[in-house]
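>
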Amino acid sequence: MTAGDDRPRFVADGMLGSLARWLRMLGYDTVYRKHLDDDEIIQLASTENRHILTRDKELANRPGATYIEPDDLDSQLELVNTKHGLSFNEGAIRCSACNGGLVDFAKGDVVGQVPEGALASNEKFWKCEACGKIYWRGSHWLGILERFKKLNLA
Numbered sequence: 001m002t003a004g005d006d007r008p009r010f011v012a013d014g015m016l017g018s019l020a021r022w023l024r025m026l027g028y029d030t031v032y033r034k035h036l037d038d039d040e041i042i043q044l045a046s047t048e049n050r051h052i053l054t055r056d057k058e059l060a061n062r063p064g065a066t067y068i069e070p071d072d073l074d075s076q077l078e079l080v081n082t083k084h085g086l087s088f089n090e091g092a093i094r095c096s097a098c099n100g101g102l103v104d105f106a107k108g109d110v111v112g113q114v115p116e117g118a119l120a121s122n123e124k125f126w127k128c129e130a131c132g133k134i135y136w137r138g139s140h141w142l143g144i145l146e147r148f149k150k151l152n153l154a
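Start counting the sequence shown at 1; every next residue gets the next number (my numbering).
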């Protein structure tokens with residue numbers, strides 16, 4: 001799975017970890033490291049052409065920044081969608097843990113690395129190029145898609 005070049009890229013401040021994970025699942029390249037300071041966020045946004053997502057009012061005054069006031073995830077996603085026109089792209093999903101790109105991984109290569117039930121009920125697997133985490137469409141996948149549909153993102 002690889003991201004398209006025309007999709008907006010984000011850097012999220014330390015208070016938006018859940019939002020960052022969900023943006024990655026939607027297929028958006030989203031940098032999130034809990035302990036980035038404002039200067040590091042500004043630098044990343046500038047050098048990597050990223051939009052800043054922040055709960056910090058001062059940082060939100062920077063060009064290309066979006067102030068994320070709501071506390072709940074659905075409202076946060078709706079706000080980012082209003083500003084940036086989000087849409088789910090299954091071919092662009094990124095590692096929810098580290099933001100790395102996902103690549104197809106052979107079923108035979110995951111034996112012993114995933115639960116037996118996942119192996120038995122799935123034919124497709126993906127591995128993060130950066131951290132090595134393995135993904136498959138588990139029972140939680142339907143809930144993720146339902147949230148995207150509820151928010152008109154899929």
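Just so you know, even glycine gets a beta-carbon here, dropped at the ideal spot from N, CA and C.
Source: prediction; values computed, not measured.
Among the candidates Pro70, Tyr28, Glu48, Glu69, whose CA atom is the shortest distance from the CA of Val88?
Inspection of the sequence shows that residue 88 is occupied by Phe rather than by Val. The residue with the shortest Cα to Cα distance from Phe88 is Tyr28.
> Give the DSSP-derived three-state secondary structure of Ala120 in the structure shown.
Note: Ala120 maps to helix in three-state DSSP.
> Which class does Phe148 belong to by DSSP, given the choice of helix, strand or coil?
Residue state, collapsed to three classes: helix.
> Provide the residue(s) that pair with Leu53 in DSSP beta bridges, ordered along the chain.
In the DSSP output, where bridge partners are listed per residue, Leu53 has Ala12, Thr66.
> Who are Gly101's beta bridge partners in DSSP?
Partner(s): Arg94.
> Just to confirm, is the Cβ distance from Ala118 to Gly138 under 9 Å?
Taking 9 Å as the Cβ cut-off, Ala118 and Gly138 qualify as a contacting pair.
> Quick check: what's the CA-CA separation for Asp39 versus Tyr67?
The straight-line gap from Cα to Cα measures roughly 16 Å.
> If we call anything under 9 Å between Cβ atoms a contact, is Asp104 one with Trp126?
Against a cut-off of 9 Å, the Cβ pair of Trp126 and Asp104 comes out as a contact.
> Since Trp126 sits in a beta bridge, which residues does DSSP pair it with?
Asp104, Tyr135, per the DSSP bridge assignment.
> Report yes or no: do three or more beta-carbon pairs, one from the stretch 128 to 136 and one from the stretch 67 to 76, lie closer than 8 Å?
Flag = no, the stretch 128 to 136 and the stretch 67 to 76 do not touch.
> With distances taken Cα to Cα, identify the nearest neighbour of Leu23 among Arg9, Lys34, Gly14.
Ranking Arg9, Lys34, Gly14 by Cα distance to Leu23 puts Arg9 first.
> Taking all protein chains shown into account, decide if Thr30 is buried (16 or more other Cβ within 10 angstroms of its Cβ) or exposed.
Per the 10 Å Cβ criterion, buried.
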